[in-house]
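J.:
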Amino acid sequence: MISRNILIVLCCLLCLLNFDNRVVIAQDPPVIDCVNSSTYNPNTTAGRNYQTNLNFLLSTLSSNASRATANGFYNFTAGNGNDPSSTVYGLFLCRGDVNTDVCAQCVANASRQILQSCRDQKTAIIWYNYCLLRYSNESMFSREDRNIIYYIWITQNALDPEIFNPVLGKMMDRIVILAANDSSGKKFAVQESDCYYSTFQRRIYAFGQCTPDLSSDDCENCLRNAIAYLPTCCNNSQGAVVLFPSCKIMYDLNKFYNSVTPILPPPPPPPPPPPTPASNRGKSRLSIPVTIGIVISTILSLMLLVTIFVFLKRRSRRRYDANMQETIDRAGLLNIDPESLKYSLSEIQIATNYFSVNNKIGEGMKDVSSYYKFHFHIPQGTLPNGQDIAVKRLSTRSGQEQKPRLLPLRLAWQQWREGTPLALLDPTIGDSYVKTEVLRCIHVGLLCVEEDATRRPRMASVVYMLDSNSVSLPSPYLPAVSRHNKSESLVQSYCQLQ
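Taking mature numbering (1 follows the signal peptide of the UniProt record, and there is no 0), I'd label the letters of the sequence shown as residues -26 to -1, 1 to 472.
1. What are the boundary residues of the beta strand (DSSP E) that I126 is part of?
2. Looking at C-alpha atoms only, which residue of N232, S211, P219 is the closest neighbour of Y225?
3. Could you tell me which residues DSSP pairs with I352 in its beta bridges?
4. Given a threshold of 16 other Cβ atoms within 10 Å of its Cβ, counted over all protein chains shown, does Q90 qualify as buried or as exposed?
5. Would you call the region 70 to 79 and the region 32 to 42 touching, i.e. three or more CB-CB distances under 8 Å?
6. Can you find at least 3 beta carbon pairs, one from the region 84 to 101 and one from the region 162 to 176, that sit closer than 8 Å?
7. Going by beta carbon distance, what residues of the same chain come within less than 7 Å of T370, once the five residues before and after it are set aside?
8. Is it right to say M439 is buried, meaning 16 or more other beta carbons lie within 10 angstroms of its own, or is it exposed?
9. Per DSSP, what kind of secondary structure is L319 in: helix, strand or coil?
10. Can you name the start and end residues of the beta strand (DSSP E) that S96 belongs to?
11. Report yes if the C-beta distance between A128 and A20 is below 8 Å; otherwise report no.
12. Which parts of the region 1 to 62 are runs of the beta strand (DSSP E), unbroken and 3 residues or longer, counting only runs that do not cross its ends?
13. Taking the alpha-carbon of N111 as reference, which of E321, G53, A296, P186 has the nearest alpha-carbon?
14. Near P240, what residues of its chain come up, given a Cβ to Cβ distance below 6 Å and the 5 sequence neighbours on each side ignored?
15. Can you tell me whether I149 is buried or exposed, with buried defined as 16 or more other CB within 10 angstroms of its CB?
16. How about V418 and A454: are their beta carbons less than 8 Å apart?
17. Is the distance from the Cβ of W390 to the Cβ of L421 below 8 Å?
18. Determine the burial state of M146: buried for a count of at least 16 other Cβ atoms within 10 Å of its Cβ, exposed for fewer.
19. Would you call the region 13 to 30 and the region 57 to 72 touching, i.e. three or more CB-CB distances under 8 Å?
20. Would you tell me roughly how many angstroms separate the C-alpha atoms of Y124 and D7, rounded to the nearest one?
21. Roughly how many angstroms separate the alpha carbons of L452 and P401, rounded to a whole number?
22. Could you tell me the alpha carbon to alpha carbon distance between N45 and A154, rounded to whole angstroms?
23. Less than 8 Å between the beta carbons of L28 and V81, yes or no?
24. Determine the extent of the beta strand (DSSP E) in which E166 is found, giving its start and end residues.
25. Please report the residue range of the beta strand (DSSP E) in which K222 lies.
26. Report back the beta-carbon spacing between C184 and C207 to the nearest angstrom; my notes put them in contact at under 8 Å.
27. Classify S444 as helix, strand or coil using the three-state DSSP reduction.
28. Going by other Cβ atoms of all chains shown within 10 Å of its Cβ, with 16 needed for buried, is N83 buried or exposed?
29. Beta-carbon separation of A325 and I352 under 8 Å?
30. Can you grab the Cα-Cα spacing for the pair R292 / V264, in whole Å?
31. Nearest CA to the CA of P358: which residue from E321, P450, L274, R289?
32. Please report the straight-line C-alpha distance between P448 and E337, rounded to a whole angstrom.
33. Let me check one thing: in DSSP terms, what residues is L67 bridge-paired to?
34. What whole-angstrom Cβ distance do S116 and D187 have, given they're in contact under 8 Å?
35. Count the other CB atoms, across all protein chains shown, that sit within 10 Å of the CB of residue 484; report buried if there are 16 or more and exposed otherwise.
36. Is the distance from the Cβ of E118 to the Cβ of C196 below 8 Å?
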């Protein structure tokens, strides 16, 4: 009987604990901005109409927050086209890791709190830990909004910023890409990563989210602008939150979100199992077959590698010979009369007085490709048997033109100015690249070849620019070859070493 009573008491306590937990979730201290840009008078007809539409809007948002089909986001417009001044636009966004019950409770409390705190205001926004709710007399749907910003940070600093900040920066860059391209439609992403110190390690937890009505580009832009505030507001802090109307980022050393599936680096492979103990006799019987198997496998592997190497070498040689044959064909070197092959080089040299300029009856140049040209001259002479001959002789000046080497850099600058730098990519790459990374590489490359060598970034700056997408890059100036026509003007010192 006593044990039964104890069981009943424990069940009641568990119920109370669960109930209190839900209350804390919904009642965490909110951040409220009433904007104060415009008010309405509830004692006038227009004001009463606006108040009626606002109440209907908040009621609609609250009722839709409990529907699973809302997926944590819903927007609505209350009013009609006959009276635009009384139309109210609104939306809510619940954090991507909370369930429908928590979302509905948070939105309901936000609806009540925003009416109490922003009385008679036509525009207002409220952030809870688990949801955002806003309304306005102007449409804000599918628009990136960074006009309002709040940030909160933990006053305790990270133990070693030189270790902490690079790890956090890479996490934030990854969150931007994942959230902006979230296939679930929530535009939500989380990341976890470890900071390794000399004697211990600490895990960092972070998340980012945009309103799902934003495009991928707008979401990425909003998150990057939020991240850009971290060095100003919360530098070296162990945790911080940056709030925009259209997006939000947060990180902390304590896990603050519910269980989701973050993308983590692959774990190290497990150590090999210890060898199984065996008697000396058993070892002697097993070691011989195992050793033979290892030796045979090694020999076969080496033979396979040698065979592959020889095959690739021969194929490369065949391709080289084919290309050289094509080059010779295009240069006109195969248009040789078979009869001419019966004369030796010494006979031809004597007949033409060793290809004397005085015997020259013509010269010219033949394009083999846009990068290679053959120069030749044609001397004449007479063989000992009295036969007159003419010989086409290639000049030692044949070779690759220097000017075309400047074309890629000029083309890069031209495409950048025309706003089409991605046209520089090989079309065979397709879509297997990250647009922002390619654009950043081209941008940094143009900074490294500016005509004014003093403006070019140092190597350490280049590494930092490429390593962190949160750094804003200056606009590039004209490259060193954009105003000249000679290859000598191409400066070889692209990026200066420290």
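Idealized CB from N, CA, C, for every residue including glycine.
T.: In brief:
1. Within the sequence shown, the letter at position 152 stands for residue 126. It spans 124 to 127 - the beta strand (DSSP E) in which I126 sits, taken as one unbroken run.
2. Here residue 225 is taken as the residue at index 251 of the sequence shown, counted from 1. Per the Cα distances, S211.
3. On the sequence shown, residue 352 is found 378 positions in, with the first residue counted as 1. Paired residues: G336.
4. Reading the sequence shown from its first residue, position 116 is the one you call residue 90. So Q90 ends up on the exposed side.
5. yes
6. no
7. Position 396 of the sequence shown, counted from the start, is the residue given in the question as residue 370. Confidence at T370 is low in this model, with a pLDDT of 49, below 50, so the placement of that residue is unreliable and no value is reported for it.
8. The sequence position of residue 439 within the sequence shown is 465, counting from 1. Burial call: buried.
9. Here residue 319 is taken as the residue at index 345 of the sequence shown, counted from 1. Looking at L319 - three-state DSSP - the assignment turns out to be helix.
10. The residue labelled residue 96 in the question sits at position 122 within the sequence shown. Here residue 96 is Lys; the residue named in the question, Ser, does not match the sequence. Premise fails: K96 is in no beta strand (DSSP E) and is neither H nor E.
11. The residue you call residue 128 lines up with position 154 of the sequence shown. The residue you call residue 20 lines up with position 46 of the sequence shown. A small fix is needed here, since residue 128 is Ile in this sequence, not Ala. Not a contact, by the Cβ cut-off of 8 Å.
12. 5 to 7, 47 to 52
13. What you label residue 111 is simply residue 137 of the sequence shown in a count that begins at 1. For N111, the nearest C-alpha among the options comes from G53.
14. Walking along the sequence shown from the start, residue 240 turns up at place 266. Bear in mind that a pLDDT of 44 at P240, under 50, signals an unreliable position, so the model cannot answer this.
15. Numbered from 1 along the sequence shown, position 175 holds the residue referred to as residue 149. Buried is the call here.
16. Along the sequence shown, one-based indexing puts residue 418 at 444. Along the sequence shown, one-based indexing puts residue 454 at 480. Result no, Cβ atoms of V418 and A454 do not sit closer than 8 Å.
17. Here residue 390 is taken as the residue at index 416 of the sequence shown, counted from 1. Here residue 421 is taken as the residue at index 447 of the sequence shown, counted from 1. No, these two residues do not count as a Cβ contact at 8 Å.
18. Here residue 146 corresponds to residue number 172 of the sequence shown, with the count starting at 1. Its Cβ being crowded by 16 or more others within 10 Å, M146 is buried.
19. yes
20. Sequence index remark: in the sequence shown, residue 124 carries index 150 (1-based). Sequence index remark: in the sequence shown, residue 7 carries index 33 (1-based). Taking the straight line joining both Cα atoms gives about 9 Å.
21. Here residue 452 refers to the residue found at position 478 of the sequence shown. Here residue 401 refers to the residue found at position 427 of the sequence shown. Their Cα atoms are separated by approximately 26 Å.
22. Here residue 45 refers to the residue found at position 71 of the sequence shown. Here residue 154 refers to the residue found at position 180 of the sequence shown. Near 16 Å, if we compare the C-alpha coordinates of A154 and N45.
23. Sequence index remark: in the sequence shown, residue 28 carries index 54 (1-based). Sequence index remark: in the sequence shown, residue 81 carries index 107 (1-based). Taking 8 Å as the Cβ cut-off, L28 and V81 do not qualify as a contacting pair.
24. What you label residue 166 is simply residue 192 of the sequence shown in a count that begins at 1. Segment 162 to 170, the beta strand (DSSP E) holding E166.
25. In the sequence shown, residue 222 corresponds to position 248, counting from 1. Its beta strand (DSSP E) spans residues 221 to 226.
26. Residue 184 sits at position 210 when you count from the first residue of the sequence shown. Residue 207 sits at position 233 when you count from the first residue of the sequence shown. At roughly 20 Å, the Cβ-Cβ gap does not stay under 8 Å, so C184 and C207 are not in contact.
27. What you label residue 444 is simply residue 470 of the sequence shown in a count that begins at 1. In the structure shown, S444 sits in coil (DSSP, three-state: anything other than H, G, I, E or B).
28. As a first step, residue 83 is located in the sequence shown; it is residue number 109 there, counting from the start. Burial call: buried.
29. Taking the sequence shown and counting its residues from 1, the one referred to as residue 325 is at position 351. Taking the sequence shown and counting its residues from 1, the one referred to as residue 352 is at position 378. The answer is no: Cβ separation not under 8 Å.
30. Along the sequence shown, read from residue 1 onward, the residue named residue 292 stands at position 318. Along the sequence shown, read from residue 1 onward, the residue named residue 264 stands at position 290. Answer to the nearest angstrom: the Cα atoms are 42 Å apart.
31. On the sequence shown, residue 358 is found 384 positions in, with the first residue counted as 1. Answer by Cα proximity: E321.
32. As a first step, residue 448 is located in the sequence shown; it is residue number 474 there, counting from the start. As a first step, residue 337 is located in the sequence shown; it is residue number 363 there, counting from the start. Their backbone Cα atoms lie some 52 Å apart in a straight line.
33. What you label residue 67 is simply residue 93 of the sequence shown in a count that begins at 1. DSSP, once it has assigned bridges, lists F47, L106 as partnering L67.
34. Position 142 of the sequence shown, counted from the start, is the residue given in the question as residue 116. Position 213 of the sequence shown, counted from the start, is the residue given in the question as residue 187. 5 Å between Cβ atoms; contact.
35. Nothing about residue 484 can be read from this structure; the chain reaches only from -26 to 472.
36. For the purposes of this step, residue 118 is identified with residue 144 of the sequence shown, where counting begins at 1. For the purposes of this step, residue 196 is identified with residue 222 of the sequence shown, where counting begins at 1. Against a cut-off of 8 Å, the Cβ pair of C196 and E118 comes out as a contact.
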